[in-house]
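Participant: For the record, the sequence lines run as chains A and B.
When we follow my numbering, the leftmost residue of the first sequence carries the number 1, and every step to the right adds one.
When we follow my numbering, the leftmost residue of the second sequence carries the number 1001, and every step to the right adds one.
Cβ coordinates follow ideal geometry from the N, Cα and C atoms, glycine included.
Sharing a structure, written as structure tokens. Questions coming.
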Amino acid sequence: MPTYFLVLDLPVRIINQPIQGVGFEIAGATQQFLDFTLSLPGFLGGKEYVLFEGFELERWPYLIALSTLFLGLVCVNGLFKFYINTYKGRLGERMLRRMRYQLTDRVLRFPIRHFKRVKGSEIASMVKDEIEPFGEFIGDAFVQPVYLGGQALVAFIFILSQSFWLGMIAVAIIAIQVTLIPYLRRRVLELGRMRQLTARLLSGRIGEIVDGISSIHVNDTSNYERAELSSRLSKIFFIRYELYQRKFFIKFINNFLAQLTPFLFYVVGGYFAIRGTLNVGQLIGVINAYKDLPSPINGLIMWDQKRVDINIKYAQIVEQFNVKDISDAELQQHSYDPVEPLSGEITVSNLTVIDDTGTALVEDADFTLGINEIACAIGPLGSGAGATADTLAGLMNPTSGRMSLNGRQLKDLPQRIRGRRFSYCGSDAYLPQSTLLDTLLYVNKHVPLRETDGSNIPEPLHPKTQAEAKASGNSLLDYYSDWVDYEAMGISGPEEIYGKVRDVLDVVEMGETVYELAMRQTLDPKLHPELTSKLVDMRKVLREHIDDSEISNLVEVWDWNGYNEHATIAENLLFGTAVETDDVKSSQLVANEYLRSVMKKDGLDEAMFEMGVELAETAIELFADLSPDNPFFEQLNFMTPEQLELYGPIVSRAKEKGFEGINELDRRMLLRLPFDYVEPRNRLRLLDKKLQDRILLARHDFHKNLPLDMQGEIAVYELNTYNAYNSVQDNILFGRVAYGSSNGPEKVRALIKALLRKNGMDDDLFRAGLDFDIGTGGKRLSEAQRQRLILARGLLKGADLMVINRGLNALDAKSQEVLIKKVLARARGENGNKPFGLFWVLTSPRVAEAFDQVFVFRRQKLTATGHSSILEDSDDFYKQLVA
Amino acid sequence: MSKLKDEVDLLRSIPMLANLPANKLKLLAFASDRVSYEKGDTLFHQGDDADAAYIVISGCADVLVSADGDSEATAVAQLGPNSVIGDMAILCDIPRTATIRTCEKLDALKIHKDHMLDMMKESPTLALAVLKEIVQRLAKTTQDLSEAREEVARLQTG
């Protein structure tokens, strides 16, 4: 503040003293510079103490000294601002981090039923975008009023000290601003809130479109969605447009008032100056000071508006995250203490669950369930069996009645007991994107148990990571540690994990799937040097094997000197796979100058062109009158339905002008057709031995002088190198399975599998398969596979009670029965496994006889309990269900 | 153009398809897969889902039926070149009613279910021809059944 005052004051002294010559009336006169005198007030004697006499300077050096001082003060002022802004930024970012963390923390504690009402994308938009302004504001919240207020005050005092009346003019104008602007802004704030709401709804809607894309496609409602989107955007547009109009109107008023004051200063100040009551230096000083006055005043007004705006937004968000029945943070508190296995019985009395629409899901259920009991529940959908299972698992809370375990209410159990000693498999199998292995191990990650050796940290962490997390009140648990609780799974460490995982995957019959996935994986030799080199060895073993077996005619291996009939012409020509799909795809191949020059050498391009014309003609003849969605188009491998129309005119031009005369674009269109041609598949007899030989020649030619920049783009088929862009299976096979041989692919797969097993590659491939990325929501797996996976990880957890709510309903009845029997054998502790309890809501009641206890549900009521053999005789509804 | 000629000729020799226009036959041939089987291979099993029909180009196959699907199957017929296999099952979603096993090396044209159904939608002539074929088979089955019944009655009384 003092520096700011001096910055304002100095120009006055510079102009008045050295420039206009006040105090330098006589030649050789000097002035004190940097003198510092402390004067006592009159009642203390009015004495003056000279603390520092300063330097005596003549007029010219005095000017330089004052100007340099001015520059120095400007620097100090600027640095001060820089320092404040940096700290403001850090404060804002910390606050933002804290808020995002806390909001998400609350989401994690929302009661499950609340998620029926909120849209994920709306929450995401609130957590991510809507709180952004808070972070920007929080720094200003305290700094701005102090800083700007101080600045305004100083400027104002300065003006007053120079001229009282000019100061009064400034006061009057500011008074107008301070009353008028907030009044005008009220509507702006209201609009701002509307903008926030509509934007949030928009992101919710877009989320819905993405999630519901399949129903949009099957119902042809895309245009309805477009119209809806358009009307929504229009609403947003008009809100924003009005917002702009008002904002800029206010800006206009503000600017006008700000400019009005100097006008008055010029007139009034000029009048005083002419009359001599005010000197020119003072007037310039006042005008200078005033130039600085509106911006802090404006800033203050803006600050206040922003404060109100933020208040509204904050209230909005708080309201959204203030949910009734949010679970106590204590229940989710992490703990390193081992959780003892549960025992005893769950006693359920008068259990009633009513959902938020008032519909009863279960009514007055009374039963006891031993933790180690093997029980099932049967009943039609909506009969209450599923709701009971969900309540047992803690996904719903009882509306009335009690569920207690050894006298303790189930709903008061901390999540660390519930989440570790219970496992749950529902039918809606949503899985976040991750690898297969991580998906399985996810259920056993409760606290960081083993410190990381650093190999899984993608980039070095900032040295202040922990300190900053603390400063923002974030979780201090280390994400990069090994969280997996191996002991809970009954093993001692990560080295035994594969055996354990294989064991549970075999129970759910996914072992085979993992193997298949491994075969479809592409592996980077840099990341898996050992495995890929072993696979290359396998390739050679397989080759020997194929040669003297019955399937020798099923596979055509890559041979540098032979044409592979079962591969496309492009593959034969390149003798490799395109690395980046873009540049070397067949549609782009024809544009590649080097390749074209090779093809031109012996006229291969013309031969291919003729072939292209024939292909186009055949396609037009056969497909022209079919609608684009006709299933026949799947068989047309060299053209899309959309392209078909384009080819009509191209073919007639080609016939008229020939290869040389046609324009380059048409030529390329025709040349690219044969690239995807495979004789045994397309059977158009376009590829004879002679043409094959010419392609071979071109292949050799192509690789002989391959330009440097293309060498990285083609992964060549070499017997001793692993091809990183082909699947594991293609790499082992090193060739193509012949078209037209029945069950060829199956036979080849079986042979490869037997060979890999014989050579002890099983484990390696199993591991490679577990690295498979399951895609967003696990969508790269089928629903049945997802359900099997969820069951598998439920088993992996090592829980005491497993609750399964129609967890396998995507499987057919027969497979379900097989899996149920296998899981039952586990639960009973066969083969030395740890026994556990089951509460299984069955999709097919016929298996009920395999359980020790059966709960029969009908119309939201528990109607019968007992062993199936008893129910068989006594309960008609049971008989009806299992019939 | 002589491309696909063999296949087109083969399709034309099937009574059911004989009246289809040339370009449709060619399309069907183009879209079909030519598959070959070794002696003793199985085209499909009784109870499988039906996804395609087959037209035998060369070779022969046994039709095996077992009473409940699990027990030992007995050969009820043998099919040679130009015979159509599994056409009924692809018209409606019923499982395969018999197992087909080759008795020597067999070449066939495999017509996918979607393609056949689509062809029928496009061509009333084909639909009618298929209908005629089915009715004929039904008539034959009915006759066989009544003969069999008479046989049973005769054996019971006699």
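(1) With a cut-off of 8 angstroms on the beta carbons, I'd call A/Tyr486 and A/Phe766 a contact; round off their distance for me.
(2) Assuming B/Val1063 contacts B/Val1076 under a Cβ cut-off of 8 angstroms, what Cβ separation, rounded to an integer in Å, is found between them?
(3) Is A/Gln245 buried or exposed, if buried means 16 or more other CB atoms sit within 10 Å of its CB?
(4) By the 10 Å Cβ neighbour count, where 16 or more other Cβ atoms means buried, how is B/Lys1026 classified, buried or exposed?
(5) By the 7 angstroms beta-carbon criterion, what residues does the segment 626-642 of chain A contribute toward chain B?
(6) Using only the alpha-carbon positions, how far apart do B/Gln1143 and B/Arg1149 sit?
(7) Can you grab the Cα-Cα spacing for the pair A/Gly78 / A/Ser472, in whole Å?
(8) When the Cα atoms are used, what is the spatial distance from A/Asn406 to A/Leu440?
(9) If you measure between the beta carbons of A/Leu646 and A/Phe632, is that distance less than 9 angstroms?
(10) Name the DSSP beta bridge partners of A/Asp773, please?
(11) Just mark A/Ala813 as buried or exposed, buried being the case when its beta carbon has 16 or more other beta carbons within 10 Å.
(12) For the segment 741-766 of chain A, which residues have a beta carbon sitting closer than 8 angstroms to at least one beta carbon of chain B?
(13) Does the beta-carbon of A/Ser868 have 16 or more other beta-carbons within 10 angstroms, so that it is buried, or is it exposed?
(14) At least one CB of chain A closer than 9 angstroms to the CB of B/Asp1093: is that the case?
(15) Consult DSSP for A/Ala326 and reduce its assignment to one of helix, strand or coil.
(16) Starting from the N-terminal side, write out each stretch of the beta strand (DSSP E) that is 3 residues or longer and does not extend beyond the segment 321-373 of chain A.
(17) Would you list, in chain order, the members of the segment 1019-1032 of chain B that have their beta-carbon closer than 7 angstroms to a beta-carbon of chain A?
(18) Does the contact criterion of 3 or more C-beta pairs under 8 angstroms hold for the segment 1040-1060 of chain B versus the segment 1091-1099 of chain B?
(19) Tell me, please, whether the CB atom of A/Glu136 is closer than 9 angstroms to any CB atom in chain B?
(20) Run through chain B and tell me which residues come within less than 8 angstroms of A/Leu622, C-beta to C-beta.
(21) Pull up the distance between the alpha-carbon of A/Asp762 and that of A/Met599, whole angstroms please.
(22) Who are the Cβ neighbours of A/Gln196 in its own chain at under 8 angstroms, not counting the five residues just before and after it?
(23) Measure the C-alpha to C-alpha separation of A/Val557 and A/Ala724 and round it to an integer number of angstroms.
(24) Of the choices B/Leu1128, B/Glu1038, B/Ile1111, whose alpha-carbon is the least far from that of B/Ala1089?
(25) Hey, is the segment 668-679 of chain A in contact with the segment 557-572 of chain A, meaning 3+ C-beta pairs nearer than 8 angstroms?
(26) Would you list, in sequence order, the uninterrupted beta strand (DSSP E) runs of no fewer than 3 residues that lie entirely inside the segment 180-216 of chain A?
(27) Closer than 8 angstroms, Cβ to any Cβ of chain B: which residues of the segment 722-739 of chain A, in chain order?
(28) What residues in the segment 682-696 of chain A have a beta carbon less than 7 angstroms from any beta carbon of chain B?
(29) If I'm right that A/Lys797 touches A/Asn444 with Cβ under 8 angstroms, what's the distance once you round it to whole angstroms?
(30) Please report the straight-line C-alpha distance between A/Ile790 and A/Pro432, rounded to a whole angstrom.
(31) Quick one: complete beta strand (DSSP E) runs, 3+ long, within the segment 678-753 of chain A?
(32) With a threshold of 9 angstroms between beta carbons, is B/Arg1034 in contact with chain C?
(33) May I ask which residues mark the beginning and end of the beta strand (DSSP E) holding A/Val443?
(34) Does the beta-carbon of A/Ile819 have 16 or more other beta-carbons within 10 angstroms, so that it is buried, or is it exposed?
(35) So, at 7 angstroms on beta carbons, what are the nonlocal neighbours of A/Ile457 in its own chain, with the 5 sequence-adjacent residues on each side left out?
(36) Compare the C-beta of B/His1115 with all C-beta atoms of chain A and state if any pair is closer than 9 angstroms.
Facilitator: Let me lay it out:
(1) As a first step, residue 486 of chain A is located in the first sequence; it is residue number 486 there, counting from the start. As a first step, residue 766 of chain A is located in the first sequence; it is residue number 766 there, counting from the start. That belief does not hold up - the Cβ atoms of A/Tyr486 and A/Phe766 are roughly 18 angstroms apart, past 8 angstroms.
(2) Here residue 1063 of chain B refers to the residue found at position 63 when the second sequence is read from its first residue. Here residue 1076 of chain B refers to the residue found at position 76 when the second sequence is read from its first residue. The pair is a contact, with the Cβ atoms about 5 angstroms apart (cut-off 8 angstroms).
(3) On the first sequence, position 245 is the one that residue 245 of chain A refers to. The residue is exposed, with fewer than 16 neighbouring Cβ atoms inside 10 Å.
(4) Position 26 of the second sequence holds residue 1026 of chain B. It counts as buried.
(5) Asn630, Pro631, Phe632, Gln635
(6) Mapped onto the second sequence, residue 1143 of chain B falls at position 143. Mapped onto the second sequence, residue 1149 of chain B falls at position 149. Answer to the nearest angstrom: the Cα atoms are 10 angstroms apart.
(7) Start at 1 with the first residue of the first sequence, and residue 78 of chain A comes out as number 78. Start at 1 with the first residue of the first sequence, and residue 472 of chain A comes out as number 472. Whole-angstrom Cα-Cα distance: 29 angstroms.
(8) Here residue 406 of chain A refers to the residue found at position 406 of the first sequence. Here residue 440 of chain A refers to the residue found at position 440 of the first sequence. Going from the Cα of A/Asn406 to the Cα of A/Leu440 covers about 31 angstroms.
(9) The residue labelled residue 646 of chain A in the question sits at position 646 within the first sequence. The residue labelled residue 632 of chain A in the question sits at position 632 within the first sequence. Not closer than 9 angstroms, so no.
(10) Within the first sequence, residue 773 of chain A is the residue found at index 773, counting from 1. Per DSSP, A/Thr435.
(11) Within the first sequence, residue 813 of chain A is the residue found at index 813, counting from 1. Label assigned to A/Ala813: exposed.
(12) Ser741, Ser742, Asn743
(13) Working through the first sequence from its first residue, we reach residue 868 of chain A at position 868. Classification for A/Ser868: buried.
(14) The residue you call residue 1093 of chain B lines up with position 93 of the second sequence. It does not: the Cβ of B/Asp1093 has no partner Cβ on chain A nearer than 9 angstroms.
(15) The sequence position of residue 326 of chain A within the first sequence is 326, counting from 1. Note that residue 326 of chain A is Ile in the sequence shown, not Ala. Reduced to three states, the DSSP call for A/Ile326 is coil.
(16) 345-354, 360-370
(17) Asn1023, Lys1026, Leu1027, Phe1030, Ala1031
(18) yes
(19) In the first sequence, the residue the question calls residue 136 of chain A occupies position 136. It does not; no Cβ of chain B falls within 9 angstroms.
(20) Position 622 of the first sequence, counted from the first residue, corresponds to residue 622 of chain A. Neighbours of A/Leu622 on chain B, chain order: Asn1023, Lys1026, Leu1027, Phe1030.
(21) Sequence index remark: in the first sequence, residue 762 of chain A carries index 762 (1-based). Sequence index remark: in the first sequence, residue 599 of chain A carries index 599 (1-based). Between A/Asp762 and A/Met599, the C-alpha separation is close to 44 angstroms.
(22) Translated into positions along the first sequence, residue 196 of chain A becomes position 196. Closer than 8 angstroms at Cβ, skipping near neighbours: Glu130, Lys313, Gln316.
(23) What you label residue 557 of chain A is simply residue 557 of the first sequence in a count that begins at 1. What you label residue 724 of chain A is simply residue 724 of the first sequence in a count that begins at 1. Using only the alpha carbons, I get a separation of about 18 angstroms.
(24) Residue mapping note: residue 1089 of chain B aligns to position 89 of the second sequence, counting from 1. Here the closest residue by C-alpha is B/Ile1111.
(25) yes
(26) none
(27) Tyr739
(28) Arg683, Leu684, Arg685
(29) Your numbering for residue 797 of chain A matches position 797 in the first sequence. Your numbering for residue 444 of chain A matches position 444 in the first sequence. Confirmed, about 6 angstroms.
(30) Looking up residue 790 of chain A in the first sequence gives position 790. Looking up residue 432 of chain A in the first sequence gives position 432. Going by the C-alpha atoms only, they are around 12 angstroms apart.
(31) 714-716, 735-737
(32) Absent here is chain C; the protein component of the structure consists of chains A and B.
(33) Indexing the first sequence from 1 puts residue 443 of chain A at position 443. Unbroken run through A/Val443: none, as it is neither H nor E.
(34) Indexing the first sequence from 1 puts residue 819 of chain A at position 819. Residue 819 of chain A is actually Leu in this sequence, not Ile. Classification for A/Leu819: buried.
(35) If you number the first sequence from 1, residue 457 of chain A lands on position 457. Around A/Ile457: Tyr480.
(36) Within the second sequence, the letter at position 115 stands for residue 1115 of chain B. So, interface residue.
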